[in-house]
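Number of protein chains: 2
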Amino acid sequence: MARAAGTKGKTRIQQEKTDLILDAALNVFSKFGFRGSTIDQIALEAGLSKPNILYYFDSKETIHAMLLSRLLEKWLEPLERMQDSNDPVAEICVYVTRKLEMARDYPRESRLFANEILQGAPHIINELSGPLHDLTQLKADLIQSWVSAGKIAPVNPHHLIFSIWSTTQHYADFDVQVKAVLGTHTYNRFETAARHLNKMFRALLTP
Amino acid sequence: MARAAGTKGKTRIQQEKTDLILDAALNVFSKFGFRGSTIDQIALEAGLSKPNILYYFDSKETIHAMLLSRLLEKWLEPLERMQDSNDPVAEICVYVTRKLEMARDYPRESRLFANEILQGAPHIINELSGPLHDLTQLKADLIQSWVSAGKIAPVNPHHLIFSIWSTTQHYADFDVQVKAVLGTHTYNRFETAARHLNKMFRALLTP
DNA sequence: CCAAATCTTGACCGTATGGTCAAGACTATG
DNA sequence: CATAGTCTTGACCATACGGTCAAGATTTGG
């Protein structure tokens, strides 16, 4: 009677092993994509046997799905936090900073997401058209209200959000390229990136 | 004595078939990544048999490698064209526009590249550290000279380039997400994106 | 029109992969 | 400490995949 899907009613071992497996799977999936990853790789990474992995998760897809659903919560959180404020420019810059910190601290999650979207988002297309679309629309309306009130310079809210997503995630998803291009000046890339992005969005948004 | 690697000394059939195969392979690789793609898929897409594919190309890797090497030329071209000018802001904005047009007109190429980078760039890491690094450094120096001359606002040249790459390619690589988020307002997304990006980089760079 | 060169493919091979199973090892609890 | 429940895994299976090959079809050039 193992094979629990949620977090409820789990043995100590079940909890430990599912966490271990999910972490290993995140390593592997984020590096090779879904089809490029094998259960054997995940098993090796987790230090378990393949049948043991399949004792806790019904299939490779189940592991992937659980990672994606967990990811989406964390993913949407910083945007959810963005709210009305007397200083909208600062509010947006905080969001940019948070997103960049996530790219720095959770690059595996960012790459997992990027892989999924690149392949056409087969497993989360509904979440994109549903929750993500709705939340983004909500925040786009907020941004539009700032524009209308003259608190920030006129800007297309949706494309502003796209610019924030793309520029910040770039430092996680394209890290190899960033490092290759920066050469020796790579050690403090997240700090210089933070300063640059802050300056860029501030220039764009300051009325 | 078929199996020619370059473009020289090819039969009419060789030329037609290699082009056909490369086009089909671009479709497949850009959609599923290297490991997620199969020769059978490419064969199906091209309307040829699997052994026929392998008559023209030694292996799956060979096809992929040829696509990547062709891609890199096209990839670097717009950046190469950016040169000294009396109106550096306009010069950079032209570059942004060109990159966005490439995302619109060559989304498969952009995704192929993104897939490769996401997986750690195993096949083109040398090109990144070599030609791409050198060209980027050259153009970063050019941008720095504009900054030093007071022709554009102070900006980190490398991060400016990263911002241009990420914001423009986003519309190719994350197209599914862009469409899902925009919902019904998706038909003219490249025009609105062009206006937004032009405004953003102009605001950042205008002294 | 014919022979040489080129092109095409059905059948096949070895390996990798997702997943199963039954038998044994371990753990918690009365 | 016994035993029911939980956990672990070696061996195995069916399928998919990259790649080969030999034999036949087609094109090319004289």
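Chains A and B supply the protein sequences, listed in that same order. The numbering of the first sequence is this note's numbering, which starts it at 21 and goes up by one. The numbering of the second sequence is this note's numbering, which starts it at 21 and goes up by one. Ideal Cβ placement from N, Cα and C applies to all residues, glycine included.
Separation of residue j from residue i, as counted between CA atoms
| i | j | result |
| --- | --- | --- |
| T58(A) | R131(A) | 17 Å |
| L42(A) | L87(A) | 7 Å |
| H205(B) | K70(A) | 46 Å |
| I37(B) | C113(B) | With the sequence shown as reference, residue 37(B) is identified as Lys, and Ile is not the correct amino acid for it. Each residue's Cα considered, the two are about 39 Å apart. |
| K119(B) | I145(B) | 22 Å |
| A173(A) | R215(A) | 20 Å |
| I33(A) | S89(A) | 23 Å |
| S105(A) | V167(A) | 13 Å |
| L99(A) | T226(A) | 20 Å |
| V109(B) | R222(B) | 7 Å |
| K30(A) | K159(A) | 38 Å |
| A46(A) | L138(B) | Sequence check: residue 46(A) is Leu here, not Ala. So the two alpha carbons sit approximately 14 Å from each other. |
| S149(A) | T187(B) | 21 Å |
| G56(B) | E93(A) | 27 Å |
| L229(A) | Y76(B) | One cannot answer for residue 229(A) here, as it falls past the ends of chain A, which runs 21 to 227. |
| H153(A) | V198(A) | 30 Å |
| Q190(B) | K171(B) | Here residue 190(B) turns out to be His, not Gln, going by the sequence shown. Distance between the alpha carbons of H190(B) and K171(B) is about 29 Å. |
| R124(A) | F210(A) | 7 Å |
| D195(B) | G203(B) | 12 Å |
| S79(A) | F133(A) | 20 Å |
| P127(A) | P151(B) | 26 Å |
| A44(B) | N208(B) | 28 Å |
| A200(B) | Y115(B) | 27 Å |
| L224(B) | E111(B) | 14 Å |
| M95(B) | Q61(B) | Here the sequence assigns Trp to residue 95(B), which means Met is not the residue at that position. Straight-line Cα distance between these residues: approximately 26 Å. |
| Q35(A) | A141(B) | 35 Å |
| L91(A) | R101(A) | 16 Å |
| M220(A) | A169(A) | 22 Å |
| E147(A) | F54(B) | 26 Å |
| E65(A) | E65(B) | 35 Å |
Candidates the options, of which the one nearest residue i by Cα
| i | options | result |
| --- | --- | --- |
| N135(B) | F52(B), L225(B), V175(B), A45(B) | F52(B) |
| A63(A) | R55(A), G56(A), I73(A) | I73(A) |
| N218(B) | F194(A), N176(A), D78(A) | N176(A) |
| G67(B) | L40(B), E81(B), Q103(B) | L40(B) |
| L162(B) | G140(B), H178(B), Q197(B), F54(B) | H178(B) |
| S183(A) | A213(B), A169(B), Q157(B), I181(B) | A213(B) |
| A192(B) | R101(B), E129(B), A44(B) | E129(B) |
| E121(A) | P142(A), E97(A), D107(A), A141(A) | E97(A) |
| A85(B) | H143(B), Y115(B), M102(B) | H143(B) |
| T82(B) | F49(B), E111(B), M102(B) | F49(B) |
| Q103(A) | Q61(A), W185(A), M220(A), T156(A) | T156(A) |
| S165(A) | D60(A), G140(A), D107(A), W185(A) | D107(A) |
| W185(A) | T117(A), G140(A), F54(A), A141(A) | T117(A) |
Residue range of the alpha helix (DSSP H) that includes residue i
| i | result |
| --- | --- |
| Q61(A) | 59-66 |
| G203(B) | G203(B) -> no alpha helix (DSSP H), and no H or E assigned at all. |
| P177(B) | 177-193 |
| I137(A) | 127-138 |
| K171(B) | No alpha helix (DSSP H) holds K171(B); DSSP gives it neither H nor E. |
| A141(A) | Run containing A141(A): none; DSSP gives neither H nor E here. |
| K1(B) | Only positions 21 to 227 of chain B appear in this structure, which leaves residue 1(B) out of reach. |
| T38(A) | 32-56 |
Legend entry - alpha helix (DSSP H) runs wholly inside the segment 73-112 of chain A, at least 4 long, in chain order: 80-101
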